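If you're matching positions, the sequence shown starts at 45 in the numbering used here and goes up one per residue. All C-beta atoms, glycine included, are put in the ideal place defined by N, C-alpha and C. Source: prediction; values computed, not measured.
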Amino acid sequence: MSDEILSVIYLILILILVLPGFIYANKNKKIFFNNLFIWSVIIGVIIILIKFLSN
């Protein structure tokens, strides 16, 4: 259980480090939401693949 908590903490800290640069690079709202959608799809596909491959 502690490994899962540690992984979540690492992911949150990486998100905190990357998010300001991501927002700065995407000042235009249209570009920001387009990139956010693309990253959401990529992360969703990765999560689905992990769920299917772990069974």
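Classify residue i as helix, strand or coil using the three-state DSSP reduction.
i: N78; result: helix
i: K71; result: coil
Select from the options the residue whose C-alpha is nearest the C-alpha of residue i.
i: I83; options: S51, S46, L59; result: Note that residue 83 corresponds to Trp in the displayed sequence, not to Ile. It is L59.
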